[in-house]
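Working notes, beginning with the structure itself.
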Amino acid sequence: MGRAERDFIAGRDGFYLATVAVGGWPYVQFRGGPPGFVTVPDEHTLAWADFRGNRQYISTGNVAHDPRMSIIFMDYARRLRLKIFGVATINDVRHQGPSPSASAIPGYRAIVEREVRVEVKAFDWNCPQHITPRYTAEEVAPMLRPLRQRVDVLEAENDLLRLRVASPLADPENRPSQPQRPEDQ
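Using this note's numbering, read the sequence shown as starting at 1 and increasing by one per residue.
Structure below.
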């Protein structure tokens with residue numbers, strides 16, 4: 001894998017992981033964490049700290065039976081998909097801690113149970129044709145900033161108008177009388 005793949009993976013906050021069950025059926029689940037939780041220590045290896053989850057350990061059991069796995073990294077906003085095929089090794093790290101290439105992310109409050117290392121056998125950038133764009137809150141925030149600023153201005157203007165309407169001089173009964181014009185008499 002080259003620089004493009006490494007940079008792409010570093011920006012992902014999750015991926016879809018497929019393993020093979022004992023009965024031969026595929027098992028797919030989503031793995032997530034903060035961006036950068038998956039590392040690429042070299043051009044042939046992926047690594048990540050495997051955080052405590054629902055404690056079913058289905059993927060872990062599948063890898064013990066058959067270490068082949070497929071991984072799909074998605075960037076819905078830019079309509080990009082990277083598929084990786086590899087052979088996994090899973091190490092229990094609850095006592096010695098994960099290696100630096102799969103260490104916990106500072107400030108991320110998850111318990112690391114295992115380190116997963118994948119020897120990459122092949123990868124492919126997949127066709128974007130049918131990827132529906134989706135956006136995270138972080139991706140949408142810069143687009144919404146001008147709208148939120150405009151709403152703030154309009155709310156301030158509304159507050160000022162409400163004050164004017166609520167003032168005693170806004171009530172026709174309290175307005176100073178104006179001289180009548182001759183045509184109004």
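Cβ coordinates follow ideal geometry from the N, Cα and C atoms, glycine included.
Secondary structure at residue i, three-state DSSP: helix, strand or coil?
i    : result
E115 : strand
R31  : strand
D152 : helix
P142 : helix
D159 : helix
F37  : coil
V22  : coil
D7   : helix
A110 : coil
Measure how close the beta-carbons of residue i and residue j come, nearest whole angstrom, since I'm counting them as under 8 Å.
i    : j   : result
V118 : G86 : 4 Å
A49  : P67 : Contact flag wrong, Cβ pair sits at about 19 Å.
A18  : M69 : 6 Å
I90  : T45 : Wrong, their Cβ atoms sit about 14 Å apart, outside the cutoff.
I84  : G36 : So it is not a contact: roughly 17 Å between Cβ atoms.
I131 : R81 : 6 Å
Let me make sure I understand the geometry here. Which of the options has the alpha-carbon closest to that of residue i?
i    : options                 : result
Q129 : R145, R78 and A110      : R78
R12  : G33, V165, R134 and V20 : G33
V28  : Y16, N62 and H65        : Y16
R94  : I131, L82, P133 and R52 : R52
I111 : P146, A166, R55 and R81 : R55
| field | Entirely enclosed alpha helix (DSSP H) segments - the region 43-94, minimum 4 residues | value | Counting only runs of 4 or more, we get 58-65.
| request: Report yes or no: do the region 154-166 and the region 121-139 share at least 3 C-beta pairs separated by less than 8 Å? | output: These segments do not touch.
| query | If we count Cβ pairs, one from each stretch, closer than 8 Å, do we get three or more for the region 68-87 versus the region 1-16? | reply | Three or more beta-carbon pairs drawn from the region 68-87 and the region 1-16 are found closer than 8 Å, and the two stretches are therefore classed as touching.
| Would you say the region 107-116 touches the region 140-148, given that touching needs at least three Cβ pairs under 8 Å? | Contact between the region 107-116 and the region 140-148 is absent: fewer than three C-beta pairs spanning the two stretches fall below 8 Å.
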